[in-house]
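K.L.:
Dropping a structure here in structure tokens format, bear with me for questions.
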């Protein structure tokens, strides 16, 4: 007879944990949920206090049967699903199915899959936390009430295959609202005056700051610029002010789910879904040769930046040995806690600071290694000393004009020796130092250049920006961000254009319906309050049925009005302006999972489809007959090829230009750089200055 049966969610974890626990323990996997609400119906009885109807998930019967058999042979059963609300609900369903007393010490949780963490967790088992279960149950019921009531209405009145959800509807609203801001934006003109100056043989840059005796002077027109230039006399400038400061910079805190998704998007170009898939693999364990399977990071669904004392001590030991004692943090830092953070468990960090990325190269895939390196560096940097910067600000005066130059250099790198957080926006340059300047010095103007600018509209959301905004607004939780972004794209509500979200026509139509009939579902504050309510349920401060009831009363009213008053919306196909080559019927534009495409209007009798061809106005340099068109690879990467393919096989990853190289008359292309593009020739060494 098996003494102890342990049930986890995944087979990968099961093997590792069984090895750590020894012969007395048998570890099996439930493969996630075994019991859930039925997919074919709502599964919630609104007349009986929203009682959920749970069934065994289709295909999970054999798994559940195997677990029941194993449970009968064991003296005690431990339920070790993931350490979050969903994991608690899985443990609760398993307990009910296997006849385990939920009040007994049957629940085991661990934040990392390491030998010490696993053994420690089995020393302190606990009963199933029904407040956590209720919070997860409330979320599932809320989502069912919204999705299974509104979605059929959308199918009937708009188009089959549509869906509505609490978090996804708000995400679509944010994207549409941002698009409206962009369309309504009126650019405003402004000017800058930049100059190059010389102190001896040292050159540096400064920009016009103000007229003497005034605060910073704005230049709104060319006339303003001319007035400033008239105030200048000759090319001599006098240094009238020198300010030197020492500035300290703190490292970013360790990763939460949200910040991990944002930084992986910025630095690794990973989609949120990919980041979470790779993080799951690193958490569950990787085969490390003779070490066996080892969990490399802590649990990746968290909104906390908290770090255990054991992890802090180990990090300090690594930093001391690798970088020296002066790189250890010597001050207590107060981490900012999100007001809506649950703080259930630690930040995302490596399970061992001494397992550096270089030691794992032979065991991890390229993308696994890149994500692990990001997590490892971010965590170690968070435990390192502040960076110290020497900054310098200098005011130069000529006549009645004042120009200002700023510079900085790293005095002590601290955490920056290992890692610097990325940014969605331009950041100030570091290590751009000015020459030695003192009050009373004279410098000489080498060049002055006025530049016209226009204010820019707010940027469209990238995945990283949208996740950050949802988190700041209190919409959704760590586990919901990636699936939400995936869903709104799969439904065709939004599309990615140059890695930025744009709403589709379908998305705008569905949004308008939601605004008219279900304003509370897309209301940001209302949705955030619901999330807060779920937190109250988790903390035992509110019964879950009370939360659902307070939502459903108003929702039911809106639902009845929508069923009676919502008119059918016909989405007409847009003519493509050409005929089908198979049957002669007009071709139309349709919206698919991956964006617009052309299809025959005679569907289903004719099923001809083809991609939309985007010409770039360049004649094929190879065959001289076809034109270059934009195409997409199977991995959705843009490339350029001849319209006469397969007769002509010319392709280029870089965008060809309609002008030839002035040096050799060859093909010019736009080469993408990390920041901006550079025009260069494919035949010779001709290059133009990079442009941002």
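Residue numbers (the working numbering): 921 to 1612. Ideal Cβ positions, reconstructed from N, Cα and C, are used throughout, including at glycine. The structure presented is a predicted model; accordingly, all values stated were derived computationally and were not measured.
Go ahead and pull the three-state DSSP assignment for residue 954.
P.N.:
coil
K.L.:
Do the CB positions of residue 943 and residue 925 come within less than 8 Å of each other?
P.N.:
The Cβ atoms of residue 943 and residue 925 do not sit closer than 8 Å to each other.
K.L.:
Do residue 1328 and residue 1353 have their C-beta atoms within less than 8 Å of each other?
P.N.:
Yes, these two residues count as a Cβ contact at 8 Å.
K.L.:
Report the rounded CA-to-CA distance for residue 1507 versus residue 1533, giving the unit in angstroms.
P.N.:
13 Å
K.L.:
Give the DSSP-derived three-state secondary structure of residue 1246 in the structure shown.
P.N.:
helix
K.L.:
Would you say residue 1204 touches the ligand ZN, meaning its beta carbon is less than 7 Å from a heavy atom?
P.N.:
The model depicted lacks the ligand ZN and carries no ligand whatsoever.
K.L.:
Which term fits residue 1373, buried or exposed, when burial requires 16 or more other beta carbons within 10 angstroms of its beta carbon?
P.N.:
Exposed, since its Cβ has fewer than 16 Cβ neighbours within 10 Å.
K.L.:
May I ask you to report which of helix, strand or coil DSSP gives residue 1158?
P.N.:
Three-state result, residue 1158: strand.
K.L.:
Any idea what DSSP makes of residue 1422, helix, strand or coil?
P.N.:
strand
K.L.:
With DSSP as the reference, label residue 1262 as helix, strand or coil.
P.N.:
Annotation note: pLDDT 48 at residue 1262 (below 50); position unreliable, no value reported.
K.L.:
Would you mind sorting residue 1263 into buried or exposed? The rule is 16 or more other CB atoms within 10 Å of its CB.
P.N.:
In this prediction, residue 1263 scores a pLDDT of 49, lower than 50, which makes its location untrustworthy; the coordinate-derived value is nonetheless stated afterwards. It counts as exposed.
K.L.:
Is it buried or exposed, residue 1217, if we count other Cβ atoms within 10 angstroms and call 16 or more buried?
P.N.:
buried
K.L.:
Which residues mark the beginning and the end of the beta strand (DSSP E) in which residue 1298 is found?
P.N.:
Looking at the DSSP string, residue 1298 is not in any beta strand (DSSP E); the run it does join, the alpha helix (DSSP H), is 1286–1302.
K.L.:
Cβ of residue 1111 within 8 Å of Cβ of residue 1142?
P.N.:
yes
K.L.:
In the DSSP output, which residue or residues are listed as bridge partners for residue 1558?
P.N.:
In the DSSP output, where bridge partners are listed per residue, residue 1558 has 1552.
K.L.:
From residue 1151 to residue 1606, what distance separates their C-alpha atoms?
P.N.:
42 Å
K.L.:
DSSP three-state label for residue 1278, please.
P.N.:
helix
K.L.:
Have a look at the DSSP bridge pairing and note the partners of residue 1518.
P.N.:
1509, 1530
K.L.:
To which residues of the same chain is residue 1130 closer than 6 Å at the C-beta, ignoring the five residues directly before and after it?
P.N.:
1136, 1137, 1322
K.L.:
What are the complete beta strand (DSSP E) segments, minimum 3 residues, inside the segment 1413–1474?
P.N.:
1414–1417, 1420–1423
K.L.:
Answer with buried or exposed for residue 1182, where buried requires no fewer than 16 other C-beta atoms within 10 angstroms of its C-beta.
P.N.:
buried
K.L.:
I'd like to check one pair, residue 1535 with residue 1549: are the Cβ atoms closer than 8 Å?
P.N.:
yes
K.L.:
Which residues in the same chain have their Cβ closer than 6 Å to the Cβ of residue 1234, if we skip the five residues on either side of it in sequence?
P.N.:
Cβ within range, chain order: 1273.
K.L.:
Could you check what DSSP says for residue 1125 in three-state terms: helix, strand or coil?
P.N.:
strand
K.L.:
Starting from residue 1115, follow the alpha helix (DSSP H) in both directions and report where the run begins and ends.
P.N.:
Careful: residue 1115 lies outside any alpha helix (DSSP H), inside the beta strand (DSSP E) at 1109–1119.
K.L.:
Helix, strand or coil for residue 1604? Go by DSSP, reduced to three states.
P.N.:
coil
K.L.:
Taking one C-beta from the segment 1267–1283 and one from the segment 1170–1177 each time, how about it: are there three or more such pairs within less than 8 Å?
P.N.:
yes
K.L.:
Roughly how many angstroms separate the alpha carbons of residue 1188 and residue 1562, rounded to a whole number?
P.N.:
31 Å
K.L.:
How long is the line joining the alpha carbons of residue 1439 and residue 1043, rounded to whole angstroms?
P.N.:
In a straight line, the C-alpha of residue 1439 is about 50 Å away from that of residue 1043.
K.L.:
I'd like to know whether the C-beta atoms of residue 1404 and residue 1396 end up nearer to each other than 8 Å.
P.N.:
yes
K.L.:
Taking the alpha-carbon of residue 1186 as reference, which of 1280, 1120, 1386, 1205 has the nearest alpha-carbon?
P.N.:
1386
K.L.:
Can we say the segment 1430–1438 touches the segment 1021–1041, given the rule of at least three CB pairs closer than 8 Å?
P.N.:
no
K.L.:
Between the C-alpha atoms of residue 1078 and residue 1068, what's the straight-line distance to the nearest angstrom?
P.N.:
Between the alpha carbons of residue 1078 and residue 1068 lies a gap of roughly 16 Å.
K.L.:
Would you list the one or two residues that DSSP bridges to residue 1175?
P.N.:
1268
K.L.:
Are the CB atoms of residue 929 and residue 1010 within a distance shorter than 8 Å?
P.N.:
yes
K.L.:
With a CB to CB cut of under 7 Å and the five nearest residues on each side skipped, what residues in its chain are close to residue 1488?
P.N.:
Around residue 1488: 1077.
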